[in-house]
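Q:
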Amino acid sequence: MIPVRILGTASLRPGPAVTTAELCARVGRDVAEVMRKTGIHTRHFAPPGTKAADVAAQALRGALDAAGLPARALKRIFCVSSMGGDVTTPATANRVAAALGLSGSCDAMDLSNACMGFLSAFDLAARSVATGLGPVGIVSVELLSRTTTPEDPRPYLVLGDAAAAAVLGTGRPDEGVLGVALGNDGSLPTDVVLENPHATGRLERMRFLTPSKEMTRVALDALVRATREVLDGAKVALRDVEWVLTHQPNGRMLDAVLDAMGVEARRSVRVVDTLGSVGSASLPTCLDVLWRTKRLKPKDRVLLVGVGAGVAHGAVLYQVGG
Numbered sequence: 005m006i007p008v009r010i011l012g013t014a015s016l017r018p019g020p021a022v023t024t025a026e027l028c029a030r031v032g033r034d035v036a037e038v039m040r041k042t043g044i045h046t047r048h049f050a051p052p053g054t055k056a057a058d059v060a061a062q063a064l065r066g067a068l069d070a071a072g073l074p075a076r077a078l079k080r081i082f083c084v085s086s087m088g089g090d091v092t093t094p095a096t097a098n099r100v101a102a103a104l105g106l107s108g109s110c111d112a113m114d115l116s117n118a119c120m121g122f123l124s125a126f127d128l129a130a131r132s133v134a135t136g137l138g139p140v141g142i143v144s145v146e147l148l149s150r151t152t153t154p155e156d157p158r159p160y161l162v163l164g165d166a167a168a169a170a171v172l173g174t175g176r177p178d179e180g181v182l183g184v185a186l187g188n189d190g191s192l193p194t195d196v197v198l199e200n201p202h203a204t205g206r207l208e209r210m211r212f213l214t215p216s217k218e219m220t221r222v223a224l225d226a227l228v229r230a231t232r233e234v235l236d237g238a239k240v241a242l243r244d245v246e247w248v249l250t251h252q253p254n255g256r257m258l259d260a261v262l263d264a265m266g267v268e269a270r271r272s273v274r275v276v277d278t279l280g281s282v283g284s285a286s287l288p289t290c291l292d293v294l295w296r297t298k299r300l301k302p303k304d305r306v307l308l309v310g311v312g313a314g315v316a317h318g319a320v321l322y323q324v325g326g
């Protein structure tokens, strides 16, 4: 076990809700068909000029409030994003720390691993805390609406903006990470890509390069494999895990994932219907909803399992202390 405690969480929508009907009217698509395929009713688009660092700082400040900690207690910040921050360099995490009033007292860095970014940062944060460098703040901020255009409806109709944060600190007895399984298969065909404009010399947008059915198949394989690996390593059966949180690219895929894993909806948290596809912010938003709205008991186990472009995949099994 990695002795670590989730001290506090927070999530936010950095802009007004935009309905699927509104977007379908812009691109000439049938609302009922898009709803059937995606299960997304609304998503949120940040207003023009919104800074990722400001949104991230607001989310992390909320997690610190939930933890009952001042910002100066943090020893490290991971800022996670699939699309990059406000600037290519320096790290957006520096600006997040500055917005929290931290100067010279806290390590801060960016982390990018597509939709798997939060889980990758969670693993690193847990190991930091276990070796004496904590508390650690993790914040995922995704302003994905900036990477889409109505001329390419497939990403435009599903991607949205969100931010979510968690603060990790020293665990109580019998509390912490029971297992971690992280992997990557770069030999698979590229499914989702946002090219570097410095390399291509043009404005780039998020593009989906693989048919939906193939993306679903690859994602299901990766999620099931990561789940099996982490549970086998922890010697825990999936039926004995109280809560299962999964990455949620769309509602239809979430249903397929839960069905493939044999997990009842009551053991999970669903956010994609009203949030859309929000990259690395999906899992921490689920975690925040779970922490704020459910009655977690001592020894409850929470499985976080994700998949991202790359193809990256992984799972973390966490046990609540008492």
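First residue of the sequence shown? That's 5 in my numbering, and the numbers climb one at a time after it.
The beta carbon of each residue, even a glycine, is placed where N, CA and C say it ideally should be.
(1) If you measure from the beta carbon of A50 to each beta carbon in chain D, is any gap under 8 angstroms?
(2) Let me make sure I understand the geometry here. Which of R232, Q62, A223 has the alpha-carbon closest to that of A97?
(3) To the nearest whole angstrom, what separates the beta carbons of V143 and V181, a pair I think is in contact under 8 angstroms?
(4) Mind checking which residues open and close the alpha helix (DSSP H) that includes M333?
(5) Quick one, which of R232, E208, G283 has its alpha-carbon nearest T152's?
(6) So, helix, strand or coil for F122, using DSSP?
(7) Which two residues bound the contiguous beta strand (DSSP E) that contains G180?
(8) With which residues is M113 paired in a DSSP beta bridge?
(9) Can you name the start and end residues of the beta strand (DSSP E) that R305 belongs to?
(10) Could you pull out every unbroken alpha helix (DSSP H) segment of at least 4 residues lying fully inside the region 134-167, listed in chain order?
(11) For G12, I'd like the list of residues in its chain whose CB is within less than 6 angstroms of its CB, leaving aside the five on either flank, ordered along the chain.
(12) Give a yes or no on contact between the region 313-326 and the region 29-46, applying the rule of three or more CB pairs nearer than 8 angstroms.
(13) Per DSSP, which residues does Q323 bridge with? Please list them.
(14) Here's the rule I'm using: 16 or more other beta-carbon atoms within 10 Å means buried, otherwise exposed. How should A25 be labelled?
(15) Could you tell me which of Q323, L227, E155, P159 sits nearest to S281, measuring between CA atoms?
(16) Going straight from the alpha carbon of G175 to that of A129, what length do you get?
(17) Using a Cβ-Cβ cut-off of 6 angstroms (strictly less than) and excluding sequence neighbours within five positions of A101, which residues of its own chain qualify?
(18) Which class does L207 belong to by DSSP, given the choice of helix, strand or coil?
(19) The beta strand (DSSP E) that contains V22, what's its start and end?
(20) For T289, collect the residues of the same chain with a Cβ closer than 8 angstroms to its Cβ; drop the 5 residues on either side in sequence, then sort them by chain order.
(21) Determine the contact status of R287 and L262, defining contact as a CB-CB distance below 8 angstroms.
(22) To the nearest angstrom, report how far apart G237 and G183 are at their CA atoms.
(23) Hey, how far is the Cα of L148 from the Cα of A241?
(24) Would you decide whether N254 is buried or exposed? Buried here means 16 or more other CB atoms lie within 10 Å of its CB.
(25) Using the C-alpha atoms, what's the distance from A75 back to V306?
(26) For W247, which residues does DSSP report across the bridge?
(27) Between the beta-carbon of G314 and the beta-carbon of A118, is there less than 8 angstroms?
(28) Sort out for me which residues DSSP pairs F212 with in a bridge.
(29) Let me know the alpha helix (DSSP H) ranges lying completely inside the region 14-94, each 4 residues or longer, listed in chain order.
(30) For H317, list the residues DSSP reports as bridge partners.
A: In this structure, then:
(1) Absence of chain D from the displayed structure is noted, only one protein chain being present.
(2) Among R232, Q62, A223, the Cα nearest to that of A97 belongs to Q62.
(3) Distance from V143 to V181 at the Cβ level is roughly 19 angstroms; contact not present, criterion being Cβ atoms closer than 8 angstroms.
(4) Nothing in the structure corresponds to residue 333, since the chain is present only between 5 and 326.
(5) Just measuring C-alpha positions, the residue of R232, E208, G283 sitting nearest T152 is E208.
(6) Secondary structure of F122 (DSSP, three-state): helix.
(7) Membership of G180 in the beta strand (DSSP E) is indicated by the continuous run 180-188.
(8) Answer is F82, bridged to M113.
(9) Counted as a single uninterrupted DSSP element, the beta strand (DSSP E) harbouring R305 occupies residues 305-312.
(10) Complete alpha helix (DSSP H) runs here, min 4: 157-160.
(11) Here the set comprises A67, A70, A71, V171.
(12) The answer is no - the region 29-46 does not touch the region 313-326, with fewer than three Cβ pairs under 8 angstroms.
(13) G180, R305, per the DSSP bridge assignment.
(14) That one is exposed.
(15) The candidate whose alpha carbon is nearest that of S281 is P159.
(16) Roughly 13 angstroms between the two C-alpha positions.
(17) Cβ neighbours of A101 beyond the five flanking positions: I81, C110, A112.
(18) Here L207 sits in coil by DSSP.
(19) Boundaries of the beta strand (DSSP E) around V22: 21-23.
(20) Same-chain partners within the cutoff: S15, A166, A168, V275, L279, V282.
(21) The residue you asked about is not Arg; residue 287 is Leu in the sequence shown. No. Outside cutoff.
(22) Taking the straight line from one Cα to the other gives about 6 angstroms.
(23) About 36 angstroms.
(24) Per the 10 Å Cβ criterion, buried.
(25) Taking the straight line from one Cα to the other gives about 26 angstroms.
(26) According to DSSP, which records beta bridges pairwise, W247 is partnered with V306.
(27) Against a cut-off of 8 angstroms, the Cβ pair of A118 and G314 comes out as a contact.
(28) Bridge partners of F212: V196.
(29) Runs found: 24-31, 35-42, 56-71.
(30) The partner list for H317 (beta bridge, DSSP) reads G187, V311.
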